[in-house]
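See structure below.
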Ligand SMILES: [Zn+2]
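Residue numbers (this note's numbering): 696 to 812.
Given below as C-alpha cells:
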C-alpha cells in the first residue's frame, strides 16, 4: 500500500516543488505516465506482489529506464521523462524492499505472454 501511495505522492511533491506555477498540469502528465504499468496485463499472473517489475515487464526493461531518464533533458519531454523515471525508481525501491534486488533476475517474454492470451 505504501508503494501505491508513493506513486501518487512523489509526483505531487515534485510538481509542487519544481513546477509550482503549473503544478496541476505537471502532476497530470506525470500521473499519465502510470500507463506504463499496462505492460502488466500481458504478464502471467497479471499481478504478483513478490515480483520485481524492473527488468521483468516489457516497458520496465533497464535499457528503457535509461531512455526514460534521457527524456528529462529535453523540455518537451521533461514531464513524461520525470514521471517515468520517478515510477521506475519507486518500482526499483519496491524490488529492493520485497526481494533485496534492484532489478528482476527473470525477464518476461512479451511474445510468450501474448501467445498465452
Ligand atoms: Zn511499474
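Even for Gly, the Cβ is constructed at its ideal location relative to N, Cα and C.
As the structure is a prediction and not an experimental result, all values here were calculated from the model.
So, using beta-carbon positions, are residue i and residue j closer together than 9 Å?
{"i": "residue 702", "j": "residue 785", "result": "yes"}
{"i": "residue 755", "j": "residue 731", "result": "yes"}
{"i": "residue 753", "j": "residue 734", "result": "yes"}
{"i": "residue 796", "j": "residue 747", "result": "yes"}
{"i": "residue 780", "j": "residue 798", "result": "no"}
Ordered along the chain, which non-local residues of its own chain (more than five positions away) have a Cβ less than 7 Å from that of residue i?
{"i": "residue 717", "result": "none"}
{"i": "residue 774", "result": "721, 724, 725"}
{"i": "residue 750", "result": "756, 757, 798, 799, 802"}
{"i": "residue 811", "result": "For residue 811, the pLDDT reaches just 49, beneath the cut-off of 50, and the residue's location in the model is therefore unreliable, although a value from the coordinates is still provided. Here the set comprises 739."}
Cβ of residue i versus every heavy atom of ligand 3: is any distance shorter than 8 Å?
{"i": "residue 748", "result": "Judged by which ligands are present, ligand 3 is missing from the structure shown, whose ligands are ligand 1."}
9 Å is my cut-off, CB to CB: does residue i come that close to chain C?
{"i": "residue 762", "result": "This model lacks chain C altogether; it includes just one protein chain."}
Here's a check: name, in chain order, each residue in its chain whose Cβ is nearer than 6 Å to the Cβ of residue i, leaving out the five neighbours to either side.
{"i": "residue 788", "result": "none"}
{"i": "residue 744", "result": "none"}
{"i": "residue 697", "result": "none"}
Between residue i and ligand 1, is there a pair consisting of the residue's CB and a ligand heavy atom that are separated by less than 8 Å?
{"i": "residue 732", "result": "yes"}
{"i": "residue 786", "result": "yes"}
{"i": "residue 663", "result": "With the chain covering 696 to 812 only, the question about residue 663 has no answer from this structure."}
Whose C-beta lies closer than 8 Å to the C-beta of residue i among residues of the same chain, with five residues either side of it excluded?
{"i": "residue 741", "result": "735"}
{"i": "residue 778", "result": "706, 724, 725, 726, 727, 728, 729"}
{"i": "residue 791", "result": "797"}
Since residue i is in the alpha helix (DSSP H), which residue starts that stretch and which ends it?
{"i": "residue 767", "result": "Careful: residue 767 lies outside any alpha helix (DSSP H) and carries neither H nor E."}
{"i": "residue 791", "result": "773 to 794"}
{"i": "residue 700", "result": "697 to 713"}
{"i": "residue 727", "result": "718 to 727"}
Legend entry - Three CB pairs or more closer than 8 Å across the stretch 705 to 717 and the stretch 759 to 766: No, they do not touch.
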